[in-house]
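S.K.: Take 1 as the starting number for the sequence shown in our numbering and just add one per residue.
For glycine and all other residues, C-beta sits at the position ideal for the given N, C-alpha and C.
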Amino acid sequence: MAEETTISLFCGAGGMSLGFAQAGLKPLIAADHDQDACLTYEQNIGLKPFHTDLNEPSADFLAAIDAAHDPLALIGGPPCQGFSSAGQKNADDKRNRLIFAYLGLVERLKPKWFLFENVEGLLTSNRGKSVFLLAKKFIELGYLIRIEKVNFASFGLPQGRKRVIILGNRLGVAFQFPIPQFSFNSGKHKNINSLPPGPTLADAIFPLGQASDKMEDAVPYRSPAPENDYDARMRAGSSTFRQHTTTPTQTQAAAIAALKPGQTMQHLPEAYWPKSFKRRAYRRVKDGTPTEKRGGAPSGLKRLQGQLASLTITSAAAREFIHPVFNRPLTYRECARLQSFPDHFNFAGSNQSIATQIGNAFPAMAAQVFAEHIARIDSSFGADRNVTRSGLIDYELTRATAMSPPLAQTDTLLASLSDKQIGFSLLTA
Ligand SMILES: C[S@@+](CC[C@H](N)C(=O)[O-])C[C@H]1O[C@@H](n2cnc3c(N)ncnc32)[C@H](O)[C@@H]1O
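This is how it looks when you write it as structure tokens:
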């Protein structure tokens with residue numbers, strides 16, 4: 001398996017690539033348009049990504065793609081605004097271009113497998129048409145696909161993080177997703193079952209101890225020996241680590257000190273609210289429009305709870321997520337650990353760029369589970385693995401017990417693609 005070719009598009013800092021490399025599938029080509037992410041990737045994964053806008057990929061990137069013979073997998077998905085209803089087939093519509101560019105690369109490369117990742121919103125974007133058209137295209141390109149909403153905490157990530165994954169192979173052979181290994185509770189996301197409980201936020205970050213003043217300081221661990229399995233995995237033999245510092249927050253010191261574990265800015269008296277938060281809160285009250293419709297929940301400080309899994313790490317986590325015990329936001333290293341980047345993995349760029357790279361990442365731990373899964377299924381194809389099938393006959397249809405109306409709409413659209421061609425499960429993860 002080690003010499004199999006995998007290609008990472010929209011590679012970012014390299015979370016997905018790291019997980020694939022940990023499973024013995026190190027990407028041979030990577031690309032992203034963010035300079036800092038490319039540098040982080042190169043310094044940690046040991047491969048220089050093509051620094052290119054994948055809307056208009058550079059000639060040298062395309063030449064490398066054309067020279068990659070019969071790759072095992074194309075990994076990574078474009079950030080997706082969704083197909084506009086007016087421009088479903090219009091590759092010139094700006095919002096569609098990245099998706100079409102991505103599909104063009106799948107067509108050009110014909111990888112045996114692809115792993116496409118996106119945010120949950122993909123499932124309900126444009127009344128389900130985005131995921132429907134995407135699925136239809138993959139099927140037209142000869143892939144048998146499976147779409148699932150996955151919570152990475154079920155693979156042992158100390159963080160509730162839901163993403164939509166579309167996995168496909170062009171051999172027409174049906175498959176399942178990796179089986180969940182852990183139960184979890186992040187407060188917002190929970191799945192408490194008979195599986196062993198996954199690591200908590202405390203397991204993940206308490207061994208790092210007090211923050212340091214400078215990004216470049218080499219900080220010793222709170223105790224010389226690993227304190228738990230997750231800590232041992234993150235240390236991976238390191239005796240010190242860097243980037244264990246936080247964004248300055250003098251203006252919010254009083255609010256931070258007042259917050260109890262599990263509380264957010266909304267729990268505090270208005271006297272603690274900064275102007276920007278007040279503006280947002282009042283706007284909500286005035287016209288009653290949910291803030292989600294405005295493009296995101298109101299930002300504000302939240303103190304995390306050590307005994308739970310972390311809330312989802314975004315680019316705002318290093319500003320807004322307060323440590324359960326210390327009166328400060330999480331450090332970049334703590335955020336990186338919650339995304340399962342090992343402690344030797346350092347990030348390039350400004351503090352904001354680092355926070356974005358970490359928040360954007362596909363957790364390496366989950367990527368490793370998927371990579372091992374793909375490799376295992378692929379090796380069972382035997383001689384068939386060089387064949388592309390046109391008949392896409394295997395499927396498994398799993399119905400959710402309770403679906404929101406927008407998700408039910410998506411469900412109907414996907415079902416219309418023919419339940420003989422597509423296996424999907426929109427169960428809440
Ligand atoms: C969700 S992140 C991917 C994270 C990555 N898979 C990982 O595991 O760390 C999306 C990435 O797409 C990149 N991106 C967005 N638009 C792009 C474009 N037009 N061309 C190339 N890269 C782009 C961003 O710079 C970002 O790194």
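1. Select from Ser379, Thr356, Thr410 and Gln339 the residue whose C-alpha is nearest the C-alpha of Leu18.
2. Any chance the region 305-325 sits against the region 152-162, with 3 or more Cβ pairs inside 8 Å?
3. Which term fits Asp229, buried or exposed, when burial requires 16 or more other beta carbons within 10 angstroms of its beta carbon?
4. Answer yes or no: the CB of Asn55 versus the heavy atoms of ligand 3, is any distance below 8 Å?
5. With respect to 8 Å, is the separation between the Cβ of Ser17 and the closest non-hydrogen atom of ligand 1 below this value?
6. Looking at C-alpha atoms only, which residue of Thr124, Gly76 and Asp53 is the closest neighbour of Gln409?
7. Would you tell me roughly how many angstroms separate the C-alpha atoms of Ala21 and Gly46, rounded to the nearest one?
8. Once DSSP output is grouped into helix, strand and coil, what is the label at Ile179?
9. For Phe177, which residues from the same chain have a beta carbon less than 6 Å from its beta carbon, with the 5 sequence-adjacent residues on both sides left out?
10. Whole angstroms are fine: how far does the CA of Thr6 sit from the CA of Phe100?
11. So, using beta-carbon positions, are Leu62 and His33 closer together than 9 Å?
12. With DSSP collapsed to three states, give me the class of Pro406.
13. Within the present structure, is the beta-carbon of Asp229 separated from the nearest heavy atom of ligand 1 by less than 8 Å?
14. Quick check: the region 313-332 against the region 206-223, are at least 3 beta-carbon pairs closer than 8 Å?
15. For a test of the three-state rule: what should DSSP assign to His267, helix, strand or coil?
16. So, is Ile205 buried or exposed, given that buried needs 16 or more other C-beta atoms within 10 angstroms?
17. Can you tell which of Ala59, Gly15 and Leu25 has the C-alpha that lies nearest to the C-alpha of Cys38?
18. State the CB to CB distance for the pair Lys129 and Arg170, rounded to an integer number of angstroms; the pair is presumed to be in contact (CB under 8 Å).
19. Using a Cβ-Cβ cutoff of less than 8 Å, which residues in the same chain neighbour Lys302 once the five nearest sequence positions on both sides are dropped?
20. Could you tell me whether any non-hydrogen atom of ligand 1 is closer than 8 Å to the CB of Asn360?
21. At 4 residues or longer, what runs of the alpha helix (DSSP H) sit wholly inside the region 10-52?
22. Which residues bound the beta strand (DSSP E) around Gly198?
23. Are there 16 or more other CB atoms within 10 angstroms of the CB of Lys112, so buried, or fewer, so exposed?
M.R.: With the given structure in hand:
1. Gln339
2. yes
3. exposed
4. The model depicted lacks ligand 3 and carries ligand 1 instead.
5. yes
6. Thr124
7. 11 Å
8. coil
9. Glu148
10. 20 Å
11. no
12. helix
13. no
14. yes
15. helix
16. buried
17. Gly15
18. Not confirmed; about 24 Å, so no contact.
19. Leu259, Gln263, Thr264, Met265, Leu311, Glu320, Phe321 and Ile322
20. yes
21. 15-22 and 35-45
22. Neither: Gly198 is in no beta strand (DSSP E) and is coded neither H nor E.
23. buried
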